[in-house]
Amino acid sequence: MQLNPLIFGTVKIEYPVLLAPMAGYTDAAMRTLCLEHGAGAVYSELTSAEGIRRDSEKTFQVLETAKDEHPIAGHIFGRDPQAMAEAAQYVEQTGLFDWVDINCGCPVKKVVSRGAGAALMKDLPLLGEIIKKVKAAISLPVSVKTRIGFNNETAGHLEIARAIEESGADMIAVHARLAKNFHGGDADWEKLAEMKQALNIPIMGNGGINTPEDVPCMLEATGVDGVMMGRAAIGNPWIFEEIKKVCSSAFRRSMQEQPPKGGTTNLLNRRDMMAEHLRRLVELNELKQQGSSLSYKYSPEEAACIQFRTHIPYYVRGLFDKKQLLMKLAQLMSVDAIMAEVDLLVAKNR
Ligand SMILES: Cc1cc2nc3c(=O)[nH]c(=O)nc-3n(C[C@H](O)[C@H](O)[C@H](O)COP(=O)(O)O)c2cc1C
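In structure tokens form, the structure reads like this:
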């Protein structure tokens, strides 16, 4: 299964297997680990256009990237076309981003109740106006991350796809679930295939990819131009390398003789990855706090340990006797304490 480089506007993604934006997970620590392990591109965390307009330091921090983190999209949300255009201009002016992505899929109440995120699928003229204003305001390419619909009563997947393309978006990424279903239930790949047929701009397929082997299945079933990995990449940056292997024809031939037995990452690799992930989180928090006018309740190391809590269950999935570590997590506020517990777990599982 050949995956060709994806080109839209000035962006070239050599290997179109992207890391999905996931608020609370995909900060620069996770993104750089995934890029180093083969992710074709990444997205910034979800950033409020209104926050940028208000000149909020916290909002600017959400947009921070690591050095040489490319290709990367600045991922923004909002419902006011002018605020979105100004936010896109800010994103462009930072010089950190390769393109701007408009969120049209977030189902979280805080976002939808303000008419932004997934709510834009219920107002396609407004979505169109936002895309046009953003396109006119910047020279970077513009993409939209959307879904196959809000619910069964509002605009359908093809209407949404056409509205996005006709308004001038350069690329579209589609999570193949309705917004009303959040992240649960089966992804509807048939609708992805129909969207691909209806569109001329490149389309990324997302949703329902749980293993590397699911990637060639989605590509074959839908014809999409690339895929986007969400939860399967949490605690598993190696998945991008595994996808590359699975998609290479030589590997697929050898697998026909000897089917895959599951993950290839051994325990010590996982342990070392956790240590490196934590180290990067501490470094990011140090940079964030240095020179900031905000006051912080936690030291950089404590903040990193708190942020790492949500990743740990993913890194230790499948391990025997991980309960003790997971139960203790709320009390572990130093890198040494976390790694000592991880080392105990590794010893039990060897
Ligand atoms: C914890 C979490 C946070 C997410 N945050 C965002 C977000 O900020 N912006 C967005 O467009 N999608 C967000 N998503 C949706 C993912 O990008 C992706 O579309 C979804 O998880 C389906 O892909 P998957 O089945 O591979 O996980 C989030 C998903 C999760 C699980």
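Sequential numbering of the sequence shown, starting at 142, is according to the working numbering.
Here a beta-carbon is modelled for each residue, glycine too, at the ideal position from N, C-alpha and C.
In this chain, the beta strand (DSSP E) harbouring H216 covers 213 to 218. Apart from sequence neighbours up to five positions away, the residues of its chain that approach I217 with a beta-carbon distance below 6 Å are T188, A190, A228, ordered along the chain. In the structure shown, V183 adopts extended strand secondary structure according to DSSP, grouped into three states. Here R458 is exposed, its C-beta having fewer than 16 other C-beta atoms within 10 Å. With contacts defined as CB atoms closer than 9 Å, L159 and V232 fail to qualify as a contacting pair.
In summary, L485 is exposed, with fewer than 16 beta-carbon neighbours lying within 10 Å of its beta-carbon over all protein chains present.
When rounded, the separation of the alpha-carbon atoms in V315 and A362 is 15 Å. The C-beta of S185 has 16 or more other C-beta atoms within 10 Å across all chains shown, which makes the residue buried. Its Cα nearest to that of M369, the residue R288 stands out among R288, E335, M414.
Look at C247 here: in three-state DSSP terms it is coil, with no helix or strand label. When C-beta atoms of the region 329 to 337 are compared with those of the region 260 to 274, fewer than three pairs fall below 8 Å, so the two segments do not count as touching.
Selection S308, R255, G236 evaluated against P266 yields S308 as nearest (Cα-Cα).
The beta carbon of A471 sits closer than 8 Å to the beta carbons of R450 from its chain, once the five residues preceding and following it are set aside; these are given in chain order. At least one heavy atom of ligand 1 falls within 8 Å of the beta-carbon of P162. Relative to the non-hydrogen atoms of ligand 1, the Cβ of K263 never comes closer than 8 Å to any of them. In the three-state DSSP reduction, I375 falls in the coil class, being neither helix nor strand.
Taking the Cβ atoms as the reference, R303 lies roughly 25 Å from R255, outside the contact range of under 8 Å. Distance from the CA of E198 to the CA of D242, rounded to the nearest whole angstrom, comes to 21 Å.
Residues A259, K286, T287, R288, H316 of the same chain have their beta carbon placed closer than 6 Å to that of G246, with the five preceding and five following residues left out of the count. For K469, the enclosing alpha helix (DSSP H) starts and ends at 464 to 469.
A277 and A320 have their C-alpha atoms some 28 Å from each other. Annotation for H298: I289, G290, K332, E335, M336 place their beta carbon closer than 7 Å to its own, counting only its chain and skipping 5 residues before and after.
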